[in-house]
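Protein chains in written order, with my numbering: chain A, 842 to 1132; chain B, 23 to 389. Note that beta-carbon positions come from the ideal geometry of N, C-alpha and C, so glycine has one too. The structure appears below as structure tokens.
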């Protein structure tokens, strides 16, 4: 067959040609992703707003702005931010020693870091409550100093710090491992003191990972329930967290009230995570990685 | 500024990276530390910089013992093979880094820093890229930035660890010439590490050839190339033909053949050993061998032409030995370089004689 006859046999496409993608399966994977996200995340969350939206505005506002509820927001978000901050500092130190030094039992320490992930949160809560209560091992040591941990906001913080430990360690660790020692050597050969090497070279390079770890630890802390309720004492206006308020309302069959408070929490959490993401994007752009 | 190292030894576990190295680097020279990988050249450079601490020995900078001085006080510029640029800082800030971290009383003003950084960037013709970030630059540009970053602090010595190792051949050659020119302008005492003998011979004023943690030879490129002190140096600096045999007066007997040698046998433990009958290995560069088609010619080894590479001004001929180097069992290969007009008659598979014009002999350590 000649080339000419091939050309005449080939029908001219009636439709404009669709641009071919190099990676296959775009339609399939995007479709699956959206269906999955909708089923697992979006539909349950929108149900919260639909249910809460069935309340009249005035009543809705009264529920979500009740003094007891507002106090719980303050505790939940305040303690979560503080716990995430503490975990960022100490998680970084933990990751640093795990990556940079060799010591006996390093593997064991490395495994211990994940324990708060694996432990049922209620177990952690009971253990912490037993330790920090006035007659517990640690609580009895702190009592003479006038420090009360269990059944106070401080107890909430302790529980949130406990469950947030792995997040910062596990996000910073791989980045720290990838960081070339040469960068520090170069800085030192240019005359930088140790503190300057840390502040001007290490910290900016680790900042995105630290921020991710912070965001994860914070998100986890906001939603934490099991480990907190045992140690918090749940005194209204003092040591009552928002998730507990939601549960209490549910137990009283006040579904609309529960979803209203849940909706507020969702909006807060989403806004905070958004801010953290924007900060990350900004820092990436500022350091030339956002291309 | 001059650099001396005295009796430096350094081990990593059971591996002895440096074994009693003593060297003297005169002021203003560009010196190459040359050797195969694992010979200790990078370790020596890092010891001089203060990035590594020697187990024994002293580093003397400008007549002062600097062995216990921290790298940040040694005032050495160090350039890494993989650039080690700060990727979160712009090109400008990378170069300014060394000035900005100075204590306030020694720190130049912001205007002065800006002026100096731009002058340095001009020097490497990269001033237009001052606001870029390192990942946006090519490898050659990154290495030039790394170099001026090191120069910005006005170091007393410049140390470069395989500075062109991560670059492709074209850029390598260009940067090599550029480094030479830069050194001729600045005259900073510089040491660079390389495993590429061509690079070392072309760029350096002086070459230090190292092997297994020891210095094999120190000299100008011409000295090193023309008068290799050891069989290792001979073999490392470019292609070489080996002839193993025994001394017979002014000749070396290799199998059936007798080859005239250059007269001295190096590498003897005792200089007064009677060399007659000693096992030796003779070295000849590819251009020191003549290919003779007259099979009756004296002083030659028989060989068969296996391949003629006829491109360029000179022709490279590969040959195999005839008898398969009887005593060692492995067939010997030879390589000869000759002017094009003398190679026209050679064809693959042709039997010829190889007559060395120069044959440098060393005691055969393997025998």
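When secondary structure is reduced to three states using DSSP, residue 266 of chain B falls in the strand class. Around residue 152 of chain B, no beta-carbon contact reaches into chain A at under 7 Å, the shortest distance being about 13 Å.
In chain order, 24 place their CB closer than 7 Å to the CB of residue 48 of chain B, counting only its own chain and leaving out the 5 sequence neighbours on each side. For the segment 64-78 of chain B, the residues whose beta carbon sits under 9 Å from a beta carbon of chain A are, in order, 68, 71, 72, 73.
One finds nothing in chain B with a Cβ atom closer than 8 Å to the Cβ of residue 913 of chain A; even the nearest lies about 40 Å away.
Within chain B, no C-beta atom comes nearer than 7 Å to that of residue 1081 of chain A; the closest sits roughly 43 Å away. By the Cβ rule, the segment 241-250 of chain B does not count as touching the segment 196-216 of chain B, because fewer than three pairs are nearer than 8 Å. Residue 32 of chain B has B:40 as its beta-bridge partners, per DSSP. Around residue 166 of chain B, the same chain offers 146, 148 as residues with beta carbons nearer than 7 Å, after the five sequence neighbours per side are excluded. In the structure shown, the three-state DSSP call for residue 331 of chain B is strand. Contact annotation, residue 1055 of chain A with residue 1113 of chain A: C-beta distance approximately 11 Å; criterion of less than 8 Å not satisfied. When Cβ-Cβ separations below 8 Å define contact, residue 120 of chain B makes contact with chain A. Bounds of any alpha helix (DSSP H) do not take in residue 976 of chain A, whose DSSP letter is neither H nor E. Residue pairing of residue 356 of chain B in beta bridges, as defined by DSSP: B:341. In the pairwise beta carbon analysis, the segment 881-895 of chain A is classified as touching the segment 1093-1110 of chain A: at least three pairs are separated by under 8 Å. Look at residue 100 of chain B: its C-beta is under 8 Å from a C-beta on chain A.
Nearest Cα to residue 1076 of chain A within the set A:904, A:880, A:913: A:913. Taking 8 Å as the upper bound for CB-CB distance, residue 381 of chain B and residue 306 of chain B are in contact here, some 5 Å apart. Unbroken alpha helix (DSSP H) runs of no fewer than 4 residues, entirely contained in the segment 979-1022 of chain A, are found at 994-1019, following chain order.
Taking the beta carbon of residue 108 of chain B as reference, the chain A residues within 9 Å of it are 1024, 1027, 1028, 1041, 1042, 1045, 1046, listed in sequence order. For the pair residue 174 of chain B and residue 225 of chain B, the CB atoms are not nearer than the 8 Å cut-off.
Neighbourhood of residue 124 of chain B in chain A, by CB distance below 8 Å: 1032, in chain order.
C-alpha of residue 322 of chain B to C-alpha of residue 377 of chain B: approximately 4 Å in a straight line. Counting only Cβ-Cβ distances below 8 Å, residue 104 of chain B has contacts in chain A at 1021, 1023, in chain order. For residue 323 of chain B, the beta-bridge partners assigned by DSSP are B:376. Two segments are said to touch when three or more pairs of C-beta atoms, one from each, lie closer than 8 Å; by this definition the segment 977-994 of chain A does not touch the segment 1022-1030 of chain A. Under the three-state reduction of DSSP, residue 361 of chain B is assigned to strand. Put simply, the CB of residue 1121 of chain A is far from chain B, with every gap to its CB atoms at 8 Å or more.
Under the rule that a run must span 4 or more residues, the alpha helix (DSSP H) segments found entirely inside the segment 63-137 of chain B read 63-71, 113-122.
The beta carbons of residue 27 of chain B and residue 79 of chain B sit closer together than 8 Å. Beta bridge pairing from DSSP links residue 25 of chain B with B:47, B:83. Going by beta carbons, residue 177 of chain B and residue 98 of chain B fall inside the 8 Å limit. Annotation for residue 280 of chain B: the continuous beta strand (DSSP E) segment containing it runs 279-282. Shown here, residue 242 of chain B sits in coil according to DSSP, grouped into three states, outside any helix or strand.
CA-CA distance, residue 60 of chain B to residue 201 of chain B, rounds to 25 Å. For residue 193 of chain B, DSSP assigns no beta-bridge partner whatsoever.
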